[in-house]
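Visitor: For any residue, its number in this note's numbering is found by taking its place in the sequence shown, counting from 1, and adding 1098.
Starting off with a structure, shown below.
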Amino acid sequence: MSEPKGFYRIRIRKEALKFSAAHMTVFADGTKENLHGHNYRTVLKLEFSHFSLAEMLPFSEIKKAIREICAEWDEKVLLPSLCPFLDVKSDSDESMEVTVCGKRYVFPREEVVMLPIDNVTTESLAKIFTERVASALSKSALEQAGVRSIEGVVEEMLGQGASYVLTF
């Protein structure tokens, strides 16, 4: 039997690291859910191959990255810019008019966030969330700290959500 090997895992989940947003999931047949919202919660988990004082990745840097994403998405309508069933009819400083699965919507422009995804689901939000946190932290800091994976979790309600894992 080989020697056991271990690693470190941290988890950041705070009540303040959340966002409230509206969305509508579309389906492959061209139908969709009605526009509705969730009070999303986020969790971030990191695995490290080693840990030392000199190589430590401060929690404050990780929480700052999470807070920025949550602030950007909070109290917004999240729309998927890559969705084949979404058509932007007009986009000005004041408003955005779109059709989604043939239904017309007009939103105040400052309340819309277009995301580079094809559908707004917890799975796609978890992927963007994880990738954005990882890109906010410097690659050299992640390497120096021995980060071997980052898992981002987005829950649309307690016990229901999705995660995405980046490995290094």
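Ideal Cβ placement from N, Cα and C applies to all residues, glycine included.
Could you give the distance in angstroms between the alpha-carbon of A1120 and the alpha-carbon of R1111?
Guide: Answer to the nearest angstrom: the Cα atoms are 22 Å apart.
Visitor: Can you give the beta carbon distance from C1181 to D1216, rounded, assuming they're within the 8 Å contact cut?
Guide: Going by Cβ atoms, the distance from C1181 to D1216 rounds to 5 Å, so yes, they are a contact pair.
Visitor: Would you say K1112 faces chain B, with C-beta separation under 8 Å as the test?
Guide: This model lacks chain B altogether; it includes just one protein chain.
Visitor: Would you tell me roughly how many angstroms separate the C-alpha atoms of E1192 and V1210, rounded to the nearest one?
Guide: Approximately 11 Å, taken between the alpha carbons.
Visitor: Since I1164 is in the alpha helix (DSSP H), which residue starts that stretch and which ends it?
Guide: Segment F1157 to W1171, the alpha helix (DSSP H) holding I1164.
Visitor: Would P1156 be called buried (16 or more neighbouring beta carbons within 10 Å of its own) or exposed?
Guide: Looking at its Cβ environment, which holds fewer than 16 other Cβ atoms inside 10 Å, P1156 is exposed.
Visitor: Nearest-angstrom Cα distance between V1245 and L1223?
Guide: Approximately 22 Å, taken between the alpha carbons.
Visitor: So, for K1130: in the same chain, excluding its five sequence neighbours on each side, which residues have a beta-carbon less than 8 Å away from its beta-carbon?
Guide: Hits under 8 Å: M1122, T1123, V1124, F1183, V1198, C1199 and K1201.
Visitor: Just grab the DSSP bridge partners of P1102 for me.
Guide: Looking at the DSSP assignment, P1102 forms no beta bridge with any residue, so it has no partner.
Visitor: So is K1103 buried or exposed if we call it buried at 16+ other beta carbons inside 10 Å?
Guide: Under this definition K1103 is an exposed residue.
Visitor: Measuring alpha carbon to alpha carbon, tell me which residue in I1108, S1100 and L1142 is nearest A1260.
Guide: When each option's Cα is compared against that of A1260, the closest is L1142.
Visitor: With 16 as the cutoff for other CB atoms within 10 Å, does K1174 come out buried or exposed?
Guide: Classification for K1174: buried.
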